[in-house]
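Participant:
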Amino acid sequence: MVLSIQDLNVKFTLRGQTLHAIRGISLDVHQGESLAIVGESGSGKSVLVKCTMGLLDANGYIDSGKILYKDADLAKNRTDKDWQSIRGREIAMVFQDPMTSLNPLKTIGKQIREAVELHQGLKGQAAYQTVLEVLSDVGIDDPQRRYKQYPHEFSGGMRQRVVIAIAVACRPKILICDEPTTALDVTIQAQILELIKKMQQKYDLTTIYITHDLGVVANVADRIAVMYAGDIVEIGTCDEVFYDPRHPYTWALLSSLPQLGVKNEPLYSIQGTPPNLFREVKGDAFAPRNPKALKIDFVRRPPYFSVSPTHKARTWLLDPRAPKVAPPEHIRTLREKGGLGNG
Amino acid sequence: MADNRKKLVEVKDLSVTFGSRRHPFKAVDGVSFHIYEGETFGLVGESGSGKTTIGRAIIRIHPTSGGQVLFDGKQINGRISKALDREVTQRIQMIFQDPMSSLNERAKVDYIVSEGLYAPGHHLTQEARQEKVSKALADVGLLPEFASRFPHEFSGGQRQRIGIARALIMEPDFIIADEPISALDVSIRAQVLNLMSDLQKKRNLTYLFIAHDLSVVRFICDRIAVIHKGKIVELAESEELFAHPLHPYTQALLSAIPMPDPKAERNKTLLVYDPGCHGYSETNRPAWRDVVPGHFVLASEEEFARYQKNY
Ligand SMILES: Nc1ncnc2c1ncn2[C@@H]1O[C@H](COP(=O)(O)OP(=O)(O)OP(=O)(O)O)[C@@H](O)[C@H]1O
Ligand SMILES: Nc1ncnc2c1ncn2[C@@H]1O[C@H](COP(=O)(O)OP(=O)(O)OP(=O)(O)O)[C@@H](O)[C@H]1O
Ligand SMILES: [Mg+2]
Ligand SMILES: [Mg+2]
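Those protein sequence lines, which keep their order, are chains A and B. Quick note on numbering: the first sequence equals residues -13 to 329 in the working numbering. Quick note on numbering: the second sequence equals residues 109 to 419 in the working numbering.
1) Is the region 88 to 100 of chain A close to the region 168 to 185 of chain A, with three or more CB pairs under 8 Å?
2) Kindly indicate if chain B contains any beta-carbon less than 7 Å away from that of A:Gly2.
3) With a threshold of 7 Å between beta-carbons, can B:Ser327 be considered close to chain A, or not?
4) Check distances from the C-beta atoms of the region 221 to 240 of chain A to those of chain B and list, in chain order, the residues that come in under 7 Å.
5) Closest Cβ-Cβ distance between A:His198 and chain B: below 7 Å?
6) Using a Cβ cut-off of 7 Å, which residues of the region 251 to 264 of chain A contact any Cβ in chain B, in chain order?
7) Compare the C-beta of B:Ser128 against all C-beta atoms of chain A and say whether one is closer than 7 Å.
8) Can you round the beta-carbon distance between A:Asp164 and A:Gln82 to whole angstroms, since I take them to be within the 8 Å contact cut?
9) In this structure, how does DSSP classify A:Cys224 when only helix, strand and coil are distinguished?
10) Applying the criterion that 16 or more other CB atoms from any shown protein chain within 10 Å of the CB defines a buried residue, is B:Gly384 buried or exposed?
11) Near A:Leu91, what residues of its chain come up, given a Cβ to Cβ distance below 8 Å and the 5 sequence neighbours on each side ignored?
12) Could you tell me the alpha carbon to alpha carbon distance between A:Pro158 and A:Val(-12), rounded to whole angstroms?
13) Could you check the C-alpha separation between A:Ile178 and A:Ile282 for me, to the nearest Å?
14) Can you give the beta carbon distance from A:Val148 to A:Ile77, rounded, assuming they're within the 8 Å contact cut?
15) Is there a Cβ of chain B sitting closer than 7 Å to that of A:Asp171, yes or no?
16) Out of curiosity, what's the CA-to-CA distance linking A:Pro252 and B:Asn302?
17) Going by Cα to Cα distance, which pick from A:Ala155, A:Ile162, A:Val202, A:Asp190 is closest to A:Leu170?
18) Where A:Gly247 and B:Gly150 are concerned, what is the direct C-alpha to C-alpha distance, given to the nearest angstrom?
19) Note down, one range per segment and in chain order, each alpha helix (DSSP H) of at least 4 residues found wholly within the region 12 to 75 of chain A.
20) A:Ser20 touches chain B at which residues, Cβ-Cβ below 9 Å?
21) Is A:Thr259 helix, strand or coil by DSSP?
22) Quick check: B:Thr125 and B:Ser173, are their CB atoms within less than 7 Å of each other?
23) When you compare only the Cα positions, how much space is there between B:Arg297 and B:Lys243?
24) In chain order, what are the residue ranges of uninterrupted alpha helix (DSSP H) at least 4 long that sit wholly in the region 91 to 165 of chain A?
25) On the three-pair Cβ rule with 8 Å, is the region 217 to 230 of chain A touching the region 262 to 278 of chain B?
26) In chain order, what residues of the same chain have a beta carbon less than 6 Å from the beta carbon of B:Tyr357, not counting five sequence neighbours either side?
27) Is it buried or exposed, A:Val285, if we count other Cβ atoms within 10 angstroms and call 16 or more buried?
28) State yes or no: is the beta carbon of B:Asp369 nearer than 7 Å to at least one beta carbon in chain A?
29) I believe A:Asp217 touches A:Arg300 by the beta-carbon criterion, under 8 Å. Please report the beta-carbon distance rounded to the nearest angstrom.
30) Cα-Cα, which of A:Leu108, A:Arg132, A:Gly107, A:Gln106 is closest to A:Leu118?
31) With 16 as the cutoff for other CB atoms within 10 Å, does A:Glu226 come out buried or exposed?
32) Tell me whether B:Lys120 sits in a helix, a strand or coil according to DSSP, three-state version.
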């Protein structure tokens, strides 16, 4: 285990009100694995990973819980100085928009070089050579020429590769990718995912992906955590979550896939809106939107029930006393129709 | 298909050039297509191939350096009259690609969403305006309370929906939707797509839909144009394109579509497109040709013969 989040609660203060963004999440991240976090927009995916790097907005704070990394509890870090030894060095992050992480006024080479000098302690010719190597590593041809160019002379896909190159040059143990490829076309996306996998093997990285693209998830993930309203409602191996999902929210999510749609008919979508996190959530947060919710769902928050040693879900449906509810037909269709869309 | 349908948008030989006169860079190079009224027209392709630039040229953010853009039969690029300008400003709306940087950070959501309603010609009472804002927010699945918050207080997907509400509130006839759903989870994605089709049915809306997610494009678009480095390389009805992709770039693109199915992903083979594979030269130039009516591909004579044979 490389990172262990324990009963984490994160809140934001907004004009006198409190928003409970992360509601008691526990998550163990294993060494060398590739974990995907999926789920509702606004469910706290970005906030969760930002906590591990001390990047919460100023009005946000960790209310309780632990983030154990090596021998330290990162939840206790306060100042930028506390974080210095972690950010980039131990845990690095790739954001959706590469332009927000690159400096438009500095050459690409210089930016990578700074990371190499700072984190690998190299200087002069050695640093320069390493930068060239890093550029080739991420598939950028003619590195000598590219070294001298500025970000705007690179295409979107190349810039994203540079951001990954910088992140990897810091030799982190954990690489977090928040929507790393949404802005890219599928061919470049495929290249970047391959690249991250290659880096993962070469440097024994642990990766955490956040993405809405379940196709990407199917491609990269060893395990999947499904989030809803500040909580992980289901977690399991990639196959378990795709082929044997148990939480009604996971069912609903998979049912909304456009691959399951019929042209000129509405796509399946979840009724209602997610809970207002300014108010205390009672019971199962998904219950009001779940047409088959049980009475208890509105009263008591479900605990996790294990489906297998690697698979668990927070739903009363898994309680031995619960009535048997079969997953919707869509889910079975997904399992049977695999391979859709490639014409 | 019947060709008596009305062409709402016509783009003819459009070029957009950036850079200085000494070092010009043609981001869009001789692009032509038209969009029928009530149709959803998809634009897909490499990042950096000029999709956003085409959208921004149509809505007149970027000046064109060649060609014509017609809307409802009238030319709208270049110099146009005040009256036409005002008309077009209301009738064409754009949903911008980057939800992180396209919203005014200092304004509250309420103002951001209803900004267009303050333009001349809209005389609304405060209540009427507020009601429209609540309705527009609800349409995209946001709570009415959100109206009094600032953009930075939202997640990526929530911000993207604010951008959509902002376009819908103007009740336009034509919407250029540039990656309108990329930051949304699949359920809200479905909700927004359903909303878009609904509005289309009710108000006969027309869309230019730009996206990287080809499964969505296939689902929502009537016709699709594939663009590579500023040039359209293939154009066809959606199902036709997916059934018979001809251009090697289209084939590479379709082979890379990620499937929400771990087994399919493990067994997938990617095709790689090499732009050098065509062997085009001064004497061997590609041209626009139709393989079957309505299915166009950019090909040399020899390539075209091969495409026809293998069709
Ligand atoms: N600075 C902030 N102030 C107040 N609320 C915030 C702030 N940042 C995030 N939130 C709220 O915290 C919740 C979780 O946000 P987060 O960005 O983690 O969502 P997400 O799961 O990453 O969503 P998306 O998929 O749309 O990116 C949301 O309800 C959001 O509105
Ligand atoms: N304002 C500008 N000044 C100079 N070059 C520009 C400008 N806007 C776009 N470009 C260039 O024009 C080309 C096309 O860009 P555009 O944003 O239209 O691509 P796109 O197809 O929308 O890509 P993506 O899928 O990544 O959004 C790119 O090479 C880009 O670098
Ligand atoms: Mg996010
Ligand atoms: Mg674009």
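Glycine is no exception: its CB is placed at the ideal position from the N, C-alpha and C atoms.
Facilitator: Once the coordinates are examined:
1) no
2) Start at 1 with the first residue of the first sequence, and residue 2 of chain A comes out as number 16. So, not an interface residue.
3) Translated into the one-based positions of the second sequence, residue 327 of chain B becomes position 219. Just to set this straight, residue 327 of chain B is Phe in the shown sequence, not Ser. Chain A contact via Cβ: present.
4) Cys224, Asp225, Phe228, Ala238, Leu239
5) On the first sequence, residue 198 of chain A is found 212 positions in, with the first residue counted as 1. Yes, because at least one Cβ of chain B sits closer than 7 Å to the Cβ of A:His198.
6) Pro252, Leu253, Tyr254, Ser255, Ile256, Thr259, Asn262
7) Mapped onto the second sequence, residue 128 of chain B falls at position 20. No, B:Ser128 does not count as interfacial toward chain A.
8) Locating residue 164 of chain A in the first sequence gives position 178, counting from the first residue. Locating residue 82 of chain A in the first sequence gives position 96, counting from the first residue. Yes, they are in contact, since the Cβ atoms of A:Asp164 and A:Gln82 sit about 6 Å apart, within 8 Å.
9) If you number the first sequence from 1, residue 224 of chain A lands on position 238. Of the three classes helix, strand and coil, the one that applies to A:Cys224 here is helix, per DSSP.
10) Here residue 384 of chain B refers to the residue found at position 276 when the second sequence is read from its first residue. Flag for B:Gly384 reads exposed.
11) Working through the first sequence from its first residue, we reach residue 91 of chain A at position 105. Cβ neighbours of A:Leu91 beyond the five flanking positions: Tyr136.
12) Along the first sequence, one-based indexing puts residue 158 of chain A at 172. Along the first sequence, one-based indexing puts residue -12 of chain A at 2. For A:Pro158 and A:Val(-12), the distance between alpha carbons rounds to 12 Å.
13) Within the first sequence, residue 178 of chain A is the residue found at index 192, counting from 1. Within the first sequence, residue 282 of chain A is the residue found at index 296, counting from 1. Computed Cα separation, rounded: 45 Å.
14) As a working note, residue 148 of chain A is residue 162 in the first sequence. As a working note, residue 77 of chain A is residue 91 in the first sequence. At roughly 19 Å, the Cβ-Cβ gap does not stay under 8 Å, so A:Val148 and A:Ile77 are not in contact.
15) The count along the first sequence starts at 1 and reaches residue 171 of chain A at position 185. It does; some Cβ of chain B falls within 7 Å.
16) Along the first sequence, read from residue 1 onward, the residue named residue 252 of chain A stands at position 266. Along the second sequence, read from residue 1 onward, the residue named residue 302 of chain B stands at position 194. Using only the alpha carbons, I get a separation of about 5 Å.
17) If you number the first sequence from 1, residue 170 of chain A lands on position 184. The shortest C-alpha separation from A:Leu170 is found at A:Val202.
18) Your numbering for residue 247 of chain A matches position 261 in the first sequence. Your numbering for residue 150 of chain B matches position 42 in the second sequence. Their Cα atoms are separated by approximately 17 Å.
19) 31 to 37, 66 to 70
20) The sequence position of residue 20 of chain A within the first sequence is 34, counting from 1. Chain B residues near A:Ser20: none, gap ~12 Å exceeds 9 Å.
21) As a working mapping, residue 259 of chain A is identified with position 273 in the first sequence. In the structure shown, A:Thr259 sits in coil (DSSP, three-state: anything other than H, G, I, E or B).
22) Position 17 of the second sequence holds residue 125 of chain B. Position 65 of the second sequence holds residue 173 of chain B. Contact flag set, yes.
23) For the purposes of this step, residue 297 of chain B is taken as residue 189 along the second sequence, with counting starting at 1. For the purposes of this step, residue 243 of chain B is taken as residue 135 along the second sequence, with counting starting at 1. For B:Arg297 and B:Lys243, the distance between alpha carbons rounds to 18 Å.
24) 94 to 106, 110 to 123, 129 to 133, 142 to 155
25) no
26) Residue 357 of chain B sits at position 249 when you count from the first residue of the second sequence. Cβ within range, chain order: His336, Val341, Tyr381.
27) Reading the first sequence from its first residue, position 299 is the one you call residue 285 of chain A. A:Val285 is exposed by the Cβ-count criterion.
28) For the purposes of this step, residue 369 of chain B is taken as the residue at position 261 of the second sequence. Yes - at least one Cβ of chain A is within 7 Å of the one on B:Asp369.
29) What you label residue 217 of chain A is simply residue 231 of the first sequence in a count that begins at 1. What you label residue 300 of chain A is simply residue 314 of the first sequence in a count that begins at 1. Rounded, the Cβ-Cβ distance is 7 Å, consistent with contact.
30) Numbered from its first residue, the first sequence carries residue 118 of chain A at position 132. It is A:Arg132.
31) Taking the first sequence and counting its residues from 1, one reaches residue 226 of chain A at position 240. Buried, because 16 or more other Cβ atoms sit within 10 Å of the Cβ of A:Glu226.
32) Walking along the second sequence from the start, residue 120 of chain B turns up at place 12. If DSSP states are grouped into helix, strand and coil, B:Lys120 belongs with the strands.
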